[in-house]
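Here is the structure we will look at.
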Amino acid sequence: MSISMRFVSVSEASPSTAVEVLAQSDDERVTPFQLREFAAMVRGKPVISETLRTWRKRIGVQADSEGFYTMDDLRLLGRYLEALAAGRTTNQFLNQEYGDHAEDRPA
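If you want our numbering, it's the position in the sequence shown, counting the first as 1, plus 922.
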């Protein structure tokens, strides 16, 4: 089974374009480099490591014991970047994702 995820590039410098991620399965693992490249595609510009680290910490995205991320992490990060581009705050995003249990989210 293959999966496809679509996000809107939120670049202010260029018109909106679709960012599509293809994977063989939901179990496919994502390297830190791929995660950063994905964020850059959605943002429409490079993302520095410190910024990505801050975003990951805010929304609870953590690498596994081998240093990889999941496709669910990619989805969450994409939704977060779209929310930020739409003017929502991190707290608003977390409430949207986790409802009244935002404080109980995985960290």
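Each residue gets a CB set at the ideal place from its N, CA and C atoms; glycine is no exception.
Treat the numbers as computed from the prediction; the structure is a model and nothing was measured.
Below 8 Å between beta carbons: does that hold for PHE1015 and ALA1005? yes
Distance between GLU950 and ARG965 (C-alpha atoms, nearest Å): 23 Å
What residue range does the alpha helix (DSSP H) around TYR1020 cover? 1012 to 1020
Please report the straight-line C-alpha distance between ARG958 and ASN1017, rounded to a whole angstrom. 24 Å
Same chain, Cβ closer than 7 Å to ARG980, neighbours up to 5 away in sequence not counted: THR1012
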